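So the structure is just underneath, and the comments pick up after that.
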Amino acid sequence: MAPQRFHEQFDQIQRSMPDVPLAMGPDDSAEFFYEKGVILARDGEEARVVEETVRSHFAAAPDLTADDVRRAGPETNRTGITRIRVGDPAPGVRDGDPAVAHALRALREAEGRRGHRLAGRNHVVSIAVNACPGDEPVPAPAGEPPNPAADGTRYDRDTAVGVLVIDTGLMHDYASYPPLAHTRGDGQVTETDAAGALREYVGHGTFIAGLVAAVAPNTDITVRGTLDDAGAVLESEFGARLFEAVDRDGWPDVISLSAGTANGRFDGLLGVDAFMRELREQDTLLVAAAGNNGSATPFWPAAYAALPDYQDVVLSVGALRGDGERGACFSNHGPWVAAYAPGERLVSSLTGFEAPVPYVYQHSTYDACRYGFGYACTCQSPRHTGVLSEEPESAQGEPDRVTFAGFAQWSGTSFATPLAAGLVAAHMSAHKESDPRAARRQLLAAVTAYAEVRGAQVPALLPPTWRPTPVARLAPGA
């Protein structure tokens, strides 16, 4: 996908990280965002090899500066990785970073000898992984109930399944929504901007907690604000924040994670490798979003589900369109996605119900999807040129300012993920199953519903209380 399609999303994430110059990559594409002038390496002996190899390569190259190559972070830490500066970190062009590209190429021979990767970019891990920020959420139609509706299972403190949601935190009035009575966690750091409108992605964690609680009422839900800064964090910090969450609360039965990044590789993220290895030794299931780029490229951490050592540890979840018959046009896909759940136009609590809160959003048009599907797409706006829409500048308009009084409608693999996590938790309660990984296997083995995604038949995890929504058919030639 072309770099210009990511510029709006790039600018949004750069604003949330003003002290971290970012670039888009790799080189001539816009597959992901990463920290400019820095690479990651495993600490200890490998970091020394990386630093020396890159410095020697840069010293021999007339257009590179060896003096820029030096350690830029602690030599050891629990995540097992360290930052190494390889270039000028000052802001510059957003389309790629030659210093990082040269550093990674300089390591190819050493990696070949060792048989594994020695270094990688410091990617941005984000809940906002496509180029369509701001056209959702939208207020749910007046009188429309939550979708999925709350399951009738009773809460039992002694048997409740522990679910940890890694997200943006909870709104201050979340507890005024009754299904969240057994939810706790971090409050959203800053809810509104100077004009009093909700900031971007605020309410995301509350919405997700509401979906888990609807599908699986017999749960104790903890929401951590790991991604409270516009839903984004550097890979070098992400692993440490995951460790902080489980250290604080203990390892739960299920972790629901609606964030990640592509990295152009098939062997995971250096920054979360230590966490994933420790996760493998626990009795916890990670349920992770497949991402919203409409791509078959592996998206991490969800794509760990395809690695032999993690197939039982991770459930990767893609999104189905509103009728549940096909994949949503924005959903990532491919053999690394284990299952799909509804992810279009779900309805849950965004802010609680104490008082209406304004929100600025950008003219959702639900126009033609650009991935070859003849149905309305949920990610359209005349305010930007996004992955799923290409409106001319003449169509651009001013953002709308709307008011939420509790329920909102939102789409994405972000929300298919907590539905799948809830189904695992509900299965554990219904079958008195204490092992979430066994529940994952049993749930997938018992699937009787299937959907079509890019011509492939895939398992569809459909909550009993979820209601399909009509799919608008486009006229021929639209």
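In our numbering, the protein residues as written are 1114 to 1591. For each residue, glycine too, the CB sits at the ideal point set by N, CA and C. Note that the coordinates shown come from a computational prediction; the quantities given were computed from them, not determined experimentally.
Original post:
Counting along the chain, where does the beta strand (DSSP E) carrying threonine 1332 start and finish?
Top reply: As a first step, residue 1332 is located in the sequence shown; it is residue number 219 there, counting from the start. Threonine 1332 -> beta strand (DSSP E) spans 1332 to 1337.
Original post:
In terms of DSSP beta bridges, what is threonine 1192 paired with?
Top reply: Counted from its first residue, the sequence shown places residue 1192 at position 79. BP columns for threonine 1192 are empty, so no partner.
Original post:
Can you tell me the Cα-Cα spacing of arginine 1155 and arginine 1227, whole angstroms?
Top reply: The sequence position of residue 1155 within the sequence shown is 42, counting from 1. The sequence position of residue 1227 within the sequence shown is 114, counting from 1. Going from the Cα of arginine 1155 to the Cα of arginine 1227 covers about 13 Å.
Subject >> Host alpha helix (DSSP H) of methionine 1389 (start-end) >> reply: Sequence index remark: in the sequence shown, residue 1389 carries index 276 (1-based). That run of the alpha helix (DSSP H) goes 1386 to 1393.
**OP:** Please determine, among Asp1422, Gly1384 and Val1133, the residue with the shortest C-alpha to C-alpha distance to arginine 1621.
**Re:** Given that the chain is displayed from residue 1114 to residue 1591, the structure contains no residue 1621 and the question cannot be resolved.
Subject >> Inter-residue spacing [alpha-carbon to alpha-carbon] between alanine 1573 and valine 1450 >> reply: On the sequence shown, position 460 is the one that residue 1573 refers to. On the sequence shown, position 337 is the one that residue 1450 refers to. When rounded, the distance between both Cα atoms is 11 Å.
Original post:
Assuming arginine 1297 and threonine 1335 make a contact with CB atoms under 8 Å, what is their CB distance in whole Å?
Top reply: Position 184 of the sequence shown, counted from the first residue, corresponds to residue 1297. Position 222 of the sequence shown, counted from the first residue, corresponds to residue 1335. With 8 Å as the limit, arginine 1297 and threonine 1335 qualify as a contact, their Cβ atoms being about 6 Å apart.
**OP:** Tell whether a beta-carbon distance below 8 Å holds between isoleucine 1094 and glutamate 1224.
**Re:** The chain is shown only over 1114 to 1591; residue 1094 falls outside these bounds and no answer can be derived.
Original post:
What's the call for tyrosine 1423, buried or exposed, on a 16-neighbour Cβ count within 10 Å?
Top reply: Translated into positions along the sequence shown, residue 1423 becomes position 310. Around the CB of tyrosine 1423, 16 or more other CB atoms lie within 10 Å, so the residue is classed as buried.
Original post:
Looking only at its own chain, which residues have a Cβ that is under 8 Å from the Cβ of arginine 1312, when we skip the five neighbours before and after it?
Top reply: As a first step, residue 1312 must be located in the sequence shown, where it is residue number 199. Excluding five sequence positions before and after arginine 1312, the CB atoms of its chain that fall closer than 8 Å to its own CB belong to Thr1303, Glu1304, Thr1305, Asp1306 and Ala1343, given in chain order.
Subject >> tyrosine 1453, DSSP secondary structure in three states >> reply: Within the sequence shown, the letter at position 340 stands for residue 1453. Strand.
Subject >> Which listed residue (Ala1543, Ser1429, Ser1461 and Trp1579) has its alpha carbon closest to that of valine 1571 >> reply: Along the sequence shown, read from residue 1 onward, the residue named residue 1571 stands at position 458. The option with the nearest alpha carbon to valine 1571 is Ser1429.
Subject >> Simplified DSSP state of proline 1572, which is helix, strand or coil >> reply: The residue you call residue 1572 lines up with position 459 of the sequence shown. In this structure, DSSP gives proline 1572 an extended state, which the three-state scheme calls strand.
**OP:** Please list the segments of the beta strand (DSSP E) lying wholly inside the region 1295 to 1347, counting only runs of 3 or more residues, in order along the chain.
**Re:** Runs found: 1296 to 1298, 1332 to 1337 and 1345 to 1347.
**OP:** Indicate the three-state DSSP secondary structure (helix, strand or coil) for leucine 1532 in the structure shown.
**Re:** As a first step, residue 1532 must be located in the sequence shown, where it is residue number 419. Leucine 1532 carries a helical assignment under DSSP once its states are collapsed to helix, strand and coil.
Original post:
Going by the CB atoms, is the gap between valine 1584 and arginine 1434 shorter than 8 Å?
Top reply: If you number the sequence shown from 1, residue 1434 lands on position 321. If you number the sequence shown from 1, residue 1584 lands on position 471. Result yes, Cβ atoms of arginine 1434 and valine 1584 sit closer than 8 Å.
Original post:
Between the region 1173 to 1180 and the region 1266 to 1277, are three or more C-beta pairs nearer than 8 Å?
Top reply: Taking 8 Å as the limit for Cβ pairs, the verdict is that the region 1266 to 1277 does not touch the region 1173 to 1180.
**OP:** Using DSSP bridges, identify the partner residues of asparagine 1649.
**Re:** The chain is shown only over 1114 to 1591; residue 1649 falls outside these bounds and no answer can be derived.
**OP:** Determine the direct distance from the alpha carbon of threonine 1397 to that of tryptophan 1364, and round the result to whole angstroms.
**Re:** Counted from its first residue, the sequence shown places residue 1364 at position 251. Counted from its first residue, the sequence shown places residue 1397 at position 284. Their Cα atoms are separated by approximately 7 Å.
Subject >> Simplified DSSP assignment, three categories, for proline 1471 >> reply: Along the sequence shown, read from residue 1 onward, the residue named residue 1471 stands at position 358. It is a strand residue.
Subject >> Alpha-carbon spacing of glycine 1440 relative to glycine 1373, whole angstroms >> reply: The count along the sequence shown starts at 1 and reaches residue 1440 at position 327. The count along the sequence shown starts at 1 and reaches residue 1373 at position 260. When rounded, the distance between both Cα atoms is 19 Å.
Original post:
Using CA coordinates, which residue listed in Glu1144, Phe1320, Gly1316 and Gly1150 is at the minimum distance from aspartate 1132?
Top reply: As a working mapping, residue 1132 is identified with position 19 in the sequence shown. Answer by Cα proximity: Gly1150.
Subject >> Separation of threonine 1166 from glycine 1407, as counted between CA atoms >> reply: Working through the sequence shown from its first residue, we reach residue 1407 at position 294. Working through the sequence shown from its first residue, we reach residue 1166 at position 53. Cα-Cα distance, rounded: 37 Å.
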